[in-house]
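> Sharing a structure with you now.
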Amino acid sequence: MPERREGPVDPMPKSPPPEEGGGPRRPEPGSPDKDNLMKRMRKVDPKQAERYRQRTGE
Amino acid sequence: MSWQHYFPEIWAAQPHECMMLNRIFGLETEYGLLIHEDRPDSSPTWFSQKIRDHLFHVQRRGVLDLHHRGHDEPPGNGGFLTNAGRIYMDMGHLEYASPECHSLTDVVASDRAGDLLLQQTIEQLGFSDRVSLIKNNIDHETDATFGSHENYLVSRRFPFSRRGMAPLVTFLVTRQIFTGSGRVGSAGPQDAWIQMDRLIIPRSTIGARGRASLPFQISQRTDHIVNDFFEWVQHNRAIVNTRDEPLADPNQYRRIHLLLGDSNMTEYATALKLGTTGLVLQLIEEGHAPQDLEINEPVEALQEISQDQERRWSVQLQSHETMSALEIQERFLDCALKYCKGQDEETDWVLAQWASVLHDLHGDYQKLVGRVDWASKLWLLESFREAEHLDWDDPMLKSLDLEYHNLNQAKGLYYGLLDEGRVPRLTTDALIRIAMEEAPKNTRAYGRSALVKHLLKDRSGSEANQLTESGGLFPSYVINWSIFQVRGRAPFPMPDPFRTYLDDVRVHLESVIV
Numbered sequence: 002m003p004e005r006r007e008g009p010v011d012p013m014p015k016s017p018p019p020e021e022g023g024g025p026r027r028p029e030p031g032s033p034d035k036d037n038l039m040k041r042m043r044k045v046d047p048k049q050a051e052r053y054r055q056r057t058g059e
Numbered sequence: 007m008s009w010q011h012y013f014p015e016i017w018a019a020q021p022h023e024c025m026m027l028n029r030i031f032g033l034e035t036e037y038g039l040l041i042h043e044d045r046p047d048s049s050p051t052w053f054s055q056k057i058r059d060h061l062f063h064v065q066r067r068g069v070l071d072l073h074h075r076g077h078d079e080p081p082g083n084g085g086f087l088t089n090a091g092r093i094y095m096d097m098g099h100l101e102y103a104s105p106e107c108h109s110l111t112d113v114v115a116s117d118r119a120g121d122l123l124l125q126q127t128i129e130q131l132g133f134s135d136r137v138s139l140i141k142n143n144i145d146h147e148t149d150a151t152f153g154s155h156e157n158y159l160v161s162r163r164f165p166f167s168r169r170g171m172a173p174l175v176t177f178l179v180t181r182q183i184f185t186g187s188g189r190v191g192s193a194g195p196q197d198a199w200i201q202m203d204r205l206i207i208p209r210s211t212i213g214a215r216g217r218a219s220l221p222f223q224i225s226q227r228t229d230h231i232v233n234d235f236f237e238w239v240q241h242n243r244a245i246v247n248t249r250d251e252p253l254a255d256p257n258q259y260r261r262i263h264l265l266l267g268d269s270n271m272t273e274y275a276t277a278l279k280l281g282t283t284g285l286v287l288q289l290i291e292e293g294h295a296p297q298d299l300e301i302n303e304p305v306e307a308l309q310e311i312s313q314d315q316e317r318r319w320s321v322q323l324q325s326h327e328t329m330s331a332l333e334i335q336e337r338f339l340d341c342a343l344k345y346c347k348g349q350d351e352e353t354d355w356v357l358a359q360w361a362s363v364l365h366d367l368h369g370d371y372q373k374l375v376g377r378v379d380w381a382s383k384l385w386l387l388e389s390f391r392e393a394e395h396l397d398w399d400d401p402m403l404k405s406l407d408l409e410y411h412n413l414n415q416a417k418g419l420y421y422g423l424l425d426e427g428r429v430p431r432l433t434t435d436a437l438i439r440i441a442m443e444e445a446p447k448n449t450r451a452y453g454r455s456a457l458v459k460h461l462l463k464d465r466s467g468s469e470a471n472q473l474t475e476s477g478g479l480f481p482s483y484v485i486n487w488s489i490f491q492v493r494g495r496a497p498f499p500m501p502d503p504f505r506t507y508l509d510d511v512r513v514h515l516e517s518v519i520v
């Protein structure tokens, strides 16, 4: 296909620059901030998967 | 040597800095709805309709359809939004279709805008404690599945044949190693069918593992893909959907419609899924895709890769050679580097991240946490299992699986990872808020957005969304993806998704009173 462009090339505001070093931080298993994730997981209703009954879609 | 040594100049680039060359992207997402009550008075469909109605009637985010779009889409079933996307009911699910986007950043922001539009409506309605929107593709109890559909605009000259699309099938079967969202267990074999040697047979007859024996697999949709090519979308889902519905000038364009992918929570995986697929489509269009990687039984391979607990991901090729999905992806990456590198900054971002993910997949999967959804989910589940001394068949793990996809930011496990700074962002919250209201300004969506805003402005209160018509047989407006008509005016075709049509739409709407 031929190149076709119209309008501003940057139609939405720019994202912030990448963090130091770029990209995601590598996970650190066992690090202290994992505690918050464990707290969040312990609050999950163990029966919610049983309640989650959906219709098949496309 | 790590991949950064190959791409030092690219790593810092963000994908927003340039559009990907000649590609229009779109995503359609069907949401699940979880009711947090043992004996709810209302069904998921009832809640979904309340959310839709509030969004259109009270928030006035768009205009509801006044016409029958199809046998299952009566007037009022859904409508176009001011951001030029759509929200509607489909098979009882709330569904959001993004506007046409010409960059990965726009399509990711528009996709997240749909999530936030619906989640904010739940909160405004006071439903937050009663229901959760779950952006996944399966339920563990009934084996229901619902989709995340990708759309890519290609030239009409695209080789849309079994032979021409063989490289695409190989790429799609193997890309799940970084695009999959992962799930606990598998679909029951009683409901699962698979294509073998052009026949579709029950999966149980080939000894496929049932849900009880499978702890975790990397993709949600693969159990439900039973064919390589097919034109329909329910009960016989294919790796490539062959329905010819370009939603654009059929002499110039074709729309590649894919329904085998999982809904992604991470922005990174969403962008990488669309970006790598876009590049492979380009390689095929230009005749540069590798031709010696045709998979022997692609549907079977799709499921075997997803379910491989050792993550060796071996694939038998028609040449009788055995390769891993990772090696196959590296072949596609090499090809894309050779023919696409340097064509624009977004392409180079995709190439760098594709290389990074494939490099890291050679090692511990935990390196992918925050970027790849299945790896993020598996890491959370393994952490919880270890801490609580649970076996894989504990029902709590299925509930955690769902919670990863909960769009409630105070509860969802993906958002927990985000809060902990473990997830890279490609957008910002401000950008997503803009995408909730505004269309991309470099595609056909911009003109449609002007139309929707005009209809909302020209009608007082919520009149635009009242379905009682007093003006005769033709409704006051009909909007479709590639054409619209306002009563009293000729139809306005928008066959080229690369054009905005903005000035023409404004002229067309001058003096129109709807």
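Line by line, the protein sequences are chains X and P. For what it's worth, my numbering labels the leading residue of the first sequence as 2, then goes sequentially. For what it's worth, my numbering labels the leading residue of the second sequence as 7, then goes sequentially. Backbone N, C-alpha and C fix where the C-beta goes; we use that ideal spot for every residue, glycine too.
#1: Using the C-alpha atoms, what's the distance from residue 369 of chain P back to residue 458 of chain P?
#2: Does residue 243 of chain P come out as helix, strand or coil in the three-state DSSP assignment?
#3: Under three-state DSSP, which class holds residue 182 of chain P?
#4: If you pair each beta-carbon of the stretch 344 to 359 of chain P with each one of the stretch 321 to 333 of chain P, do three or more pairs fall below 8 Å?
#5: For residue 432 of chain P, does the three-state DSSP call read helix, strand or coil?
#6: Counting beta carbon pairs with one atom in the stretch 89 to 106 of chain P and one in the stretch 40 to 59 of chain P, are three or more of them shorter than 8 Å?
#7: In whole angstroms, give me the CA-to-CA distance for residue 236 of chain P and residue 249 of chain P.
#8: Using a Cβ-Cβ distance under 8 Å, would residue 135 of chain P count as near chain X?
#9: Taking the alpha helix (DSSP H) that residue 514 of chain P falls in, what are its first and last residues?
#10: Quick one: is residue 498 of chain P near chain X, going by C-beta distance under 8 Å?
#11: Taking C-beta pairs closer than 9 Å, name the residues in chain X that residue 424 of chain P reaches, listed in chain order.
#12: At least one CB of chain X closer than 8 Å to the CB of residue 397 of chain P: is that the case?
#13: Flag residue 455 of chain P as yes if its beta-carbon sits less than 8 Å from any beta-carbon of chain X, otherwise no.
#14: Does any residue of chain X have a CB that is nearer than 8 Å to the CB of residue 146 of chain P?
#15: Which one of P:77, P:448, P:337 and P:85 has the shortest CA to CA distance from residue 300 of chain P?
#16: Identify which residue in P:173, P:194, P:285 and P:428 has its Cα closest to the Cα of residue 31 of chain P.
#17: For residue 36 of chain P, which residues from the same chain have a beta carbon less than 7 Å from its beta carbon, with the 5 sequence-adjacent residues on both sides left out?
#18: Could you pull out every residue in the same chain whose Cβ sits closer than 8 Å to the Cβ of residue 164 of chain P, ignoring the five residues on either side in sequence?
#19: Any idea if residue 544 of chain P is buried or exposed, counting beta-carbon neighbours within 10 angstroms, 16 or more meaning buried?
#20: State the DSSP-derived secondary structure class of residue 505 of chain P, mapped to helix, strand or coil.
#21: Taking all protein chains shown into account, decide if residue 503 of chain P is buried (16 or more other Cβ within 10 angstroms of its Cβ) or exposed.
#22: Counting only C-beta atoms, is residue 404 of chain P closer than 8 Å to chain X at any point?
#23: Let me know the secondary structure DSSP gives residue 56 of chain X once reduced to three states.
#24: Looking only at C-alpha atoms, which of P:489, P:507, P:491 and P:460 sits nearest to residue 67 of chain P?
#25: Kindly indicate if chain X contains any beta-carbon less than 8 Å away from that of residue 97 of chain P.
#26: Give the C-beta separation of residue 403 of chain P and residue 396 of chain P to the nearest angstrom, bearing in mind that I take them to be a contact with Cβ-Cβ under 8 Å.
#27: What first and last residue would you give for the beta strand (DSSP E) that runs through residue 402 of chain P?
#28: Could you spell out the range, first to last residue, of the alpha helix (DSSP H) harbouring residue 253 of chain P?
#29: Please report the straight-line C-alpha distance between residue 111 of chain P and residue 186 of chain P, rounded to a whole angstrom.
#30: Compare the C-alpha of residue 118 of chain P against each of P:57, P:484 and P:271 and name the closest.
#31: Rounded to a whole number of angstroms, what is the C-alpha to C-alpha distance between residue 85 of chain P and residue 303 of chain P?
#32: Using the Cβ count rule (16 or more neighbours within 10 Å means buried), how would you classify residue 173 of chain P?
#33: Thinking just about the alpha-carbon of each residue, which of P:251, P:194 and P:70 is nearest to the one in residue 90 of chain P?
#34: For a cutoff of 8 Å on Cβ pairs, would you count residue 150 of chain P as touching chain X?
#35: Does any CB atom of chain X fall closer than 8 Å to the CB of residue 38 of chain P?
#36: Are any of the Cβ atoms in chain X nearer than 8 Å to that of residue 90 of chain P?
From the atom records:
#1: 49 Å
#2: strand
#3: helix
#4: no
#5: coil
#6: yes
#7: 8 Å
#8: no
#9: First-last of the alpha helix (DSSP H) with residue 514 of chain P: 508 to 515.
#10: no
#11: Residues of chain X passing the Cβ test: none, with the nearest at roughly 11 Å.
#12: no
#13: no
#14: yes
#15: The residue with the shortest Cα to Cα distance from residue 300 of chain P is P:337.
#16: P:285
#17: 96, 99, 101, 152 and 153
#18: 170, 260, 262, 287, 290 and 291
#19: In the structure displayed, chain P extends from 7 to 520; residue 544 of chain P sits before or after that span and is not available.
#20: coil
#21: buried
#22: yes
#23: Coil at residue 56 of chain X, not helix or strand.
#24: P:460
#25: At least one beta carbon of chain X lies nearer than 8 Å to the beta carbon of residue 97 of chain P.
#26: 7 Å
#27: Element bounds for residue 402 of chain P: not the beta strand (DSSP E) but the alpha helix (DSSP H), 401 to 410.
#28: Unbroken run through residue 253 of chain P: none, as it is neither H nor E.
#29: Rounded to whole angstroms, residue 111 of chain P to residue 186 of chain P spans 20 Å at the Cα level.
#30: For residue 118 of chain P, the nearest C-alpha among the options comes from P:271.
#31: In a straight line, the C-alpha of residue 85 of chain P is about 40 Å away from that of residue 303 of chain P.
#32: buried
#33: P:70
#34: yes
#35: yes
#36: no
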